[in-house]
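Each remark here refers to the structure printed beneath this line.
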Amino acid sequence: MRYADLAVQVGDLEAAISALERLLLIDGDQPKVKLELGVLYFRLGSYEAARTYLESARQSGRATAETRERADEYLREVDSKVSRSQFSGDVMVGLGYSTNANSGPGAAAGAFGATAVTNPNISQRPDFNVIGAATLRHRYDLHRQDNGALESELQFYTSRQFQVAEANVVYLDFTTGPRTSPFETGFFDDLTWRPFLTARYVNVQDATSYWAWGAGLEFGAPLGPQIASTLSMFGRRREFVNSVNAPTNNQSSGDEGVVSLEFRVELTSYMTMTLNGAFTRFVAMTPAQSYGEI
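Structure below.
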């Protein structure tokens with residue numbers, strides 16, 4: 006800390022940041038150090054880096070009331086410096102090969118939670134395919150003292166076959182809702198909640214497979230200085246659509262309820278481990294199509 010203080014005094018903010026970040030390698034839960042890093046990044050104009058450290062300092066179980074107050078002050082300054090709308094996203098493109106090309110949910114589609122019914126007529130047919138996946142996130146600051154924001158996320162996945170066109174899949178999923186902190190002080194002051202709306206579209210074999218829509222509620226809270234948890238519950242209607250290749254597809258229509266729990270553990274400043282699980286109960290119009298899944 007002494008070297009960092011001297012570096013700040015002579016105006017070498019980068020050297021001060023480097024010294025403080027080395028301290029976090031020894032002990033990753035030092036809210037005062039994270040607060041100072043947030044302030045230094047703010048002075049450099051790196052507002053998103055500043056936000057990351059300031060929020061981490063504020064959420065630490067070892068943070069003092071003074072540290073939380075200063076972090077909140079600078080977070081409000083960060084919010085005033087940046088646009089109310091913030092976008093982020095991820096893109097993945099790949100080439101795959103399967104000895105049994107089908108429209109069932111592969112690894113990438115399964116990660117998105119898509120459900121597609123395999124056509125038995127395309128079993129045991131090898132083929133190459135191009136895979137594309139993308140996630141677009143938007144955060145709109147509501148300018149509330151509890152850092153409330155409208156958070157939206159659009160997920161896209163597609164798999165296009167070279168020859169077995171029956172196995173083509175397109176998947177879109179959208180959620181949106183405001184995240185706020187209902188308690189300003191007390192034991193639950195770090196708790197956030199987010200009511201949200203959700204919609205989904207799945208296309209299989211170049212024809213609409215089903216539409217889905219619903220609503221839910223999400224809670225988030227830190228369980229310790231380096232552990233964050235998220236509990237999500239939602240209900241959704243799935244409306245399957247008949248097509249030439251699936252003339253009785255609508256018999257799979259029904260309602261589903263999902264409960265999921267996720268833990269994020271900050272192993273280091275650059276590495277995070279995620280643990281999650283979910284339970285799904287789907288009640289279809291045709292009883293044989295109903296199921297429970299963990």
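Every number in the numbering used here is 5 more than the matching position in the sequence shown, counting from 1.
Glycine included, each C-beta is placed from N, C-alpha and C at the ideal position.
Limits of the beta strand (DSSP E) - the one that residue i falls within
| i | result |
| --- | --- |
| GLN166 | 154-166 |
| VAL3 | Since the first and last residues shown for the chain are 6 and 299, residue 3 lies out of range. |
N-terminal and C-terminal residue of the alpha helix (DSSP H) that residue i is part of
| i | result |
| --- | --- |
| ARG205 | Looking at the DSSP string, ARG205 is not in any alpha helix (DSSP H); the run it does join, the beta strand (DSSP E), is 197-209. |
| ALA20 | 18-31 |
| GLN64 | 52-64 |
| THR72 | 70-86 |
| TYR46 | 36-49 |
Supposed close pair residue i, residue j - CB separation, criterion 8 Å
| i | j | result |
| --- | --- | --- |
| LEU18 | LEU45 | 5 Å |
| GLY137 | VAL98 | 5 Å |
| ASN254 | SER295 | Wrong, their Cβ atoms sit about 16 Å apart, outside the cutoff. |
| PRO200 | GLY182 | 5 Å |
| GLY43 | ALA62 | 6 Å |
Alpha carbon of residue i to alpha carbon of residue j, nearest angstrom
| i | j | result |
| --- | --- | --- |
| LEU266 | MET238 | 9 Å |
| LEU40 | GLU189 | 20 Å |
| LEU29 | TYR275 | 11 Å |
| VAL87 | ALA55 | 12 Å |
| PRO292 | ALA217 | 19 Å |
| GLN150 | ALA289 | 44 Å |
| GLU171 | SER90 | 40 Å |
| SER164 | ALA76 | 45 Å |
| GLN166 | THR203 | 29 Å |
| ARG242 | GLY219 | 6 Å |
| THR185 | HIS148 | 11 Å |
| ARG144 | LEU155 | 6 Å |
Own chain partners of residue i with C-beta closer than 6 Å, once the 5 adjacent residues on each side are dropped
| i | result |
| --- | --- |
| LEU280 | PHE268 |
DSSP bridge partner residues for residue i (one or two, in chain order)
| i | result |
| --- | --- |
| LEU228 | For LEU228, which the question treats as bridged, DSSP gives no partner whatsoever. |
| GLU267 | THR235 and ASN281 |
| PRO183 | LEU155 |
| ILE299 | Looking at the DSSP assignment, ILE299 forms no beta bridge with any residue, so it has no partner. |
| TYR215 | VAL207 and PHE245 |
| PHE193 | In DSSP, PHE193 forms no bridge with anything. |
| ASN134 | GLY101 and GLN166 |
| GLU223 | ARG199 and SER237 |
Own chain residues within Cβ distance below 8 Å of residue i, not counting five before or after
| i | result |
| --- | --- |
| ILE232 | PHE268, ARG269, VAL270 and GLU271 |
Neighbourhood of residue i by C-beta, 7 Å cutoff - its chain only, sequence neighbours within 5 removed
| i | result |
| --- | --- |
| GLN168 | ASP132 |
| PHE287 | GLY259, GLU261, SER295 and TYR296 |
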